[in-house]
Amino acid sequence: MKKKLCFFLFFFPFIASSQEISVRKIQQITGTKDGELVLSGVSPDGKHLLASSSDFRGLKIIDFKRKRIKEITNDAGAGYEPVFSPDGNKIYFRSDEYRNYRKFSALYEYDRSAEVKSLVETASRGLGSPVISGSEVIY
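All residue numbers for the sequence shown refer to the working numbering, where the first residue is 1 and numbers rise by one.
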């Protein structure tokens, strides 16, 4: 009886929190000269993907409706945990550089409608990945 109870108590949280995932459509992305791309983010409406190279250099947005891939930046580290704003109009990402073997990161914002990249926070050591909390960007 103790074994059954322990088994139930151990596995119940996994069963209770399981999610059902269904794939609606599989679409192959072809025609990129960059080779392999790594998924870095998904827009709030699910219609756009952010992708980067496997070493997180550069950031591209994939638009399935227009069947287009647009490069946002070629900065080192830009593909590491970028985030969309809640309305999907802005993308926040880091840009990494090394000075005397020490990593410095800056935070950038890309406005999708204006197609403009602007600096949010100058390069410093220990800058974290951007996180959206309500309407605030935390880094």
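Every residue gets a Cβ at the ideal spot worked out from N, C-alpha and C, and that includes glycine.
All values reported here derive from a predicted model rather than from experimental measurement.
Top-ranked residue by Cα proximity to residue i, from the options
i: ILE91; options: ASP111, LEU39, GLU121; result: ASP111
i: GLU121; options: ARG102, ASN100, ASP96; result: ASP96
i: SER40; options: SER105, ARG66, ARG125, PRO130; result: PRO130
i: LEU107; options: ILE69, PHE64, GLU81; result: GLU81
i: GLY126; options: VAL116, SER133, TYR98, GLU115; result: TYR98
i: LYS117; options: ASN89, LEU49, PHE64, VAL38; result: ASN89
i: ASP45; options: ASP63, GLU36, GLU109, VAL137; result: ASP63
i: ILE69; options: LEU37, SER135, GLY134, GLU136; result: LEU37
i: GLU136; options: ALA78, LEU119, PRO86, ALA123; result: PRO86
In DSSP terms, what residue i is bridged to
i: ARG94; result: LEU107
i: SER133; result: GLU136
i: PHE84; result: ILE91
i: ARG99; result: ARG102
Residue burial classification, residue i (beta-carbon count within 10 angstroms, cutoff 16)
i: SER54; result: exposed
i: SER43; result: buried
i: SER105; result: buried
i: ILE72; result: buried
i: ARG140; result: This structure cannot settle anything about residue 140, because the visible part of the chain is limited to 1 through 139.
i: ALA114; result: exposed
i: GLY128; result: exposed
The beta strand (DSSP E) enclosing residue i, as first and last residue numbers
i: LEU59; result: 59-63
i: GLU71; result: 68-73
i: SER118; result: 116-124
i: ALA51; result: 48-52
i: GLY41; result: 38-42
Whole-number beta carbon distance between residue j and residue i, since they are thought to touch under 8 Å
i: ALA76; j: ARG57; result: 5 Å
i: LYS65; j: ALA51; result: 16 Å between Cβ atoms; not a contact.
i: GLY132; j: VAL83; result: Residue 132 is actually Ile in this sequence, not Gly. At roughly 5 Å, the Cβ-Cβ gap stays under 8 Å, so ILE132 and VAL83 are in contact.
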